[in-house]
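Student:
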Amino acid sequence: MEKTFYVTTPIYYVNDVPHIGHAYTTLACDVLARYKRARGYQVAFLTGTDEHGQKVETAAKANGETPLELADRVVKRFQALWKKLNISHTDFIRTTQERHKHTVQEQFKAIEAKGDIYLGEYEDWYCTPCETFWTETQLLDGNCPDCGRPTTKLKEESYFFRMSKYQDQLLEYIGNNPDFIQPKSRRNEILSFVREGLRDLSISRTSFSWGIPAPGNDKHVIYVWFDALTNYISALGYPEDKDGNFETFWPAVHVIGKDILRFHAVYWPTFLMAAGLPLPKKVFAHGWWTVEGQKMSKSLRNVVEPNMLVDKYGVDAIRYFLLREVPFGLDGDFSHSALIHRINSDLANDLGNLVSRSTAMLGKYFAGELPEPGARLEIDEKLIELFAANLTKIDEQLEDMAFNKALMSIWELISAGNKYIDETAPWTLAKDPQQRERLATVMYNLLESLRLIALIVAPFMPETGAKISSLLGADGTNLALDGQDQWGGLKPGTTIEKAAPLFPRIETE
Ligand code: ME8
Numbered sequence: 011m012e013k014t015f016y017v018t019t020p021i022y023y024v025n026d027v028p029h030i031g032h033a034y035t036t037l038a039c040d041v042l043a044r045y046k047r048a049r050g051y052q053v054a055f056l057t058g059t060d061e062h063g064q065k066v067e068t069a070a071k072a073n074g075e076t077p078l079e080l081a082d083r084v085v086k087r088f089q090a091l092w093k094k095l096n097i098s099h100t101d102f103i104r105t106t107q108e109r110h111k112h113t114v115q116e117q118f119k120a121i122e123a124k125g126d127i128y129l130g131e132y133e134d135w136y137c138t139p140c141e142t143f144w145t146e147t148q149l150l151d152g153n154c155p156d157c158g159r160p161t162t163k164l165k166e167e168s169y170f171f172r173m174s175k176y177q178d179q180l181l182e183y184i185g186n187n188p189d190f191i192q193p194k195s196r197r198n199e200i201l202s203f204v205r206e207g208l209r210d211l212s213i214s215r216t217s218f219s220w221g222i223p224a225p226g227n228d229k230h231v232i233y234v235w236f237d238a239l240t241n242y243i244s245a246l247g248y249p250e251d252k253d254g255n256f257e258t259f260w261p262a263v264h265v266i267g268k269d270i271l272r273f274h275a276v277y278w279p280t281f282l283m284a285a286g287l288p289l290p291k292k293v294f295a296h297g298w299w300t301v302e303g304q305k306m307s308k309s310l311r312n313v314v315e316p317n318m319l320v321d322k323y324g325v326d327a328i329r330y331f332l333l334r335e336v337p338f339g340l341d342g343d344f345s346h347s348a349l350i351h352r353i354n355s356d357l358a359n360d361l362g363n364l365v366s367r368s369t370a371m372l373g374k375y376f377a378g379e380l381p382e383p384g385a386r387l388e389i390d391e392k393l394i395e396l397f398a399a400n401l402t403k404i405d406e407q408l409e410d411m412a413f414n415k416a417l418m419s420i421w422e423l424i425s426a427g428n429k430y431i432d433e434t435a436p437w438t439l440a441k442d443p444q445q446r447e448r449l450a451t452v453m454y455n456l457l458e459s460l461r462l463i464a465l466i467v468a469p470f471m472p473e474t475g476a477k478i479s480s481l482l483g484a485d486g487t488n489l490a491l492d493g494q495d496q497w498g499g500l501k502p503g504t505t506i507e508k509a510a511p512l513f514p515r516i517e518t519e
């Protein structure tokens, strides 16, 4: 059977424009998708947009457009950004698409038929001038968070999901599957939340209309989270599964920000249990970015716009920085000085120099033609062993979504390459005709190191991986690791040109 892998990003709200936070989640998923592909998996990679709900309805009204017009406009910005960031998603779902609405309604009907959805009453705080319901926690000093006027407690008819029924089953599942919710600290948070008791969940509203109607009762629209979470299976064609995608790819690995963990680790699994479906393989909640030490917010005008960063620094530098700077799972701070430091030291200096020195020396000593290597010395064996060991390590690190550690393991290889140059001193060997074979071995090992570095760096930095690979005479579009990750893949006789600098240094005043 073919190995398959399904990874998803959250679907992003269209009432905001994309910023580095969104880019971060999507990039992480892209690295996983590319890595798994390189390892021979058939990959489904889903991203998309969350387009229903009161917030979108209100934002559209404020702009004098329909919710769908607003969504159409913002969706283009997300799609353009993903293209610019080299995101390799295989599907893009919009919750306003027919395929999605269909699945949501089928899911609602199935759970209702089972008796786990019932009609009841929901009590909340209502702001009459704004015609808006607010939950207790949304209120500001008891008043409407939008207009500041007093609110009144009102009852609203609502459908409820019998979430309470699944409390024990969920606890048992989380207990039996230690890797289901990651990182561990977050898992503990969820465990204590569930242990405190699950209440039934209101899953419809009658107070606004921009949403998917409840089947058989048009007065109600389905609550955004029941709608939104279902995207992960509607994109696979559930329940009909005409193309067999559900059968092939479900369950998924969900990558999300810590802000929406409860929805993914409590609501979503219990919906799935009620529908009799397997639970996700993993829910990983990463941390949040601040900017130059402050919370990113529109009012502070410090929202970091990824388009601008890519234009200024290049796509691979941004991809590298975001995943290298902060352990996935912890909060981090974005600053221009940290970004520039990483570009100059890790990219221009370490990786850039290794590539330019190695290819330049091959040009100088062997007219750019890769020689046949001779007998290996201990220093060669050590280098080769390090590559084998770290490739295995990186596989485990990516399994744990430790992107920064995986990058450190790659940079260990890059440093080892630079150190190998310093210790073997090819310029000295080149002066002695007796050392010609030794020089050939050294040059072969250096260029072979570059081949493996290109392949393993490619999921993180696809353009860089492809550039180095093509330089070595390989097909820059085939960056498979599977079957290519053994030492000795480069063919002697290959012509390799001197590389242009990969990452120009960024000068600062
Ligand atoms: O929550 N740092 O959509 P959303 C890191 N539609 N990541 C950040 C971030 C920051 N400062 N800000 C946002 C929604 N994110 C729902 C999801 S899923 C069925 C429905 C990322 O547009 C992070 O991944 O508010 C977070 O989970 C996501 O953007 C929220 O995007």
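Residue numbers (the numbering used here): 11 to 519. Backbone N, C-alpha and C fix where the C-beta goes; we use that ideal spot for every residue, glycine too.
1. What do you get for threonine 106, buried or exposed, if any count of 16 or more other CB atoms within 10 angstroms of its CB means buried?
2. Three-state secondary structure (DSSP) at tryptophan 260?
3. Can you check whether the CB of valine 17 is closer than 8 Å to the CB of valine 314?
4. Beta-carbon within less than 8 Å of leucine 482's beta-carbon, same chain only, minus the 5 sequence neighbours each way: which residues are those?
5. Which of helix, strand or coil does DSSP assign to threonine 505?
6. According to DSSP, is asparagine 153 part of a helix, a strand, or is it coil?
7. Would you check if there are 3 or more beta carbon pairs closer than 8 Å linking the region 438 to 455 to the region 378 to 386?
8. Mapping the DSSP letters down to three states, classify tyrosine 233 as helix, strand or coil.
9. What does DSSP give as the partner residue(s) for phenylalanine 102 in the beta ladder?
10. When the Cα of methionine 371 is compared with those of Phe88, Tyr132, Ala440, which residue comes out closest?
11. For isoleucine 243, which residues from the same chain have a beta carbon less than 7 Å from its beta carbon, with the 5 sequence-adjacent residues on both sides left out?
12. Taking the alpha-carbon positions, what's the glutamine 52 to leucine 489 distance?
13. Give me the Cα-Cα distance between isoleucine 420 and asparagine 400, rounded to the nearest whole angstrom.
14. Can you tell me the Cβ-Cβ gap for phenylalanine 338 and alanine 412, rounded? I've got them flagged as a contact below 8 Å.
15. Thinking C-alpha only, which one of Gly254, Arg104, Pro249, Thr451 is nearest serine 368?
16. Give me the DSSP bridge partner(s) of tryptophan 299.
17. Within its chain, find whatever has a CB closer than 6 Å to the CB of leucine 340; leave out the 5 residues flanking it on each side and keep chain order.
18. Mind checking aspartate 101: buried by the 16 CB within 10 Å criterion, or exposed?
19. Report the rounded CA-to-CA distance for alanine 43 versus alanine 426, giving the unit in angstroms.
20. Determine the DSSP secondary structure at tyrosine 430, reduced to helix, strand or coil.
21. Check the DSSP bridge columns for threonine 36 and list the partner residues they point to.
22. From Ala245, Met283, Lys13, pick the residue whose C-alpha is nearest to that of arginine 49; which is it?
23. When the Cα atoms are used, what is the spatial distance from tyrosine 176 to glycine 342?
24. Based on the DSSP output, what are the partners of threonine 520 in its beta bridges?
25. Alpha helix (DSSP H) containing glutamate 75: first to last residue?
26. Just the Cα atoms here: how many angstroms apart are methionine 173 and leucine 208?
27. What residues in its chain sit with their C-beta under 6 Å from that of lysine 165, if we drop five residues either side in the sequence?
28. Do you know offhand how far serine 480's Cα is from threonine 487's?
Tutor: This is what the structure gives:
1. buried
2. coil
3. no
4. Leu457, Leu460, Arg461, Ala464, Leu500, Thr504, Ile506
5. strand
6. strand
7. yes
8. coil
9. Thr57
10. Ala440
11. Thr113, Phe256, Trp260
12. 15 Å
13. 7 Å
14. 7 Å
15. Thr451
16. Gly342
17. Gly297
18. exposed
19. 28 Å
20. helix
21. Per DSSP, none; premise fails for threonine 36.
22. Lys13
23. 35 Å
24. For residue 520 there is no data in the structure shown, the boundaries of the chain being 11 and 519.
25. Premise fails: glutamate 75 is in no alpha helix (DSSP H) and is neither H nor E.
26. 6 Å
27. Glu131, Glu133
28. 9 Å
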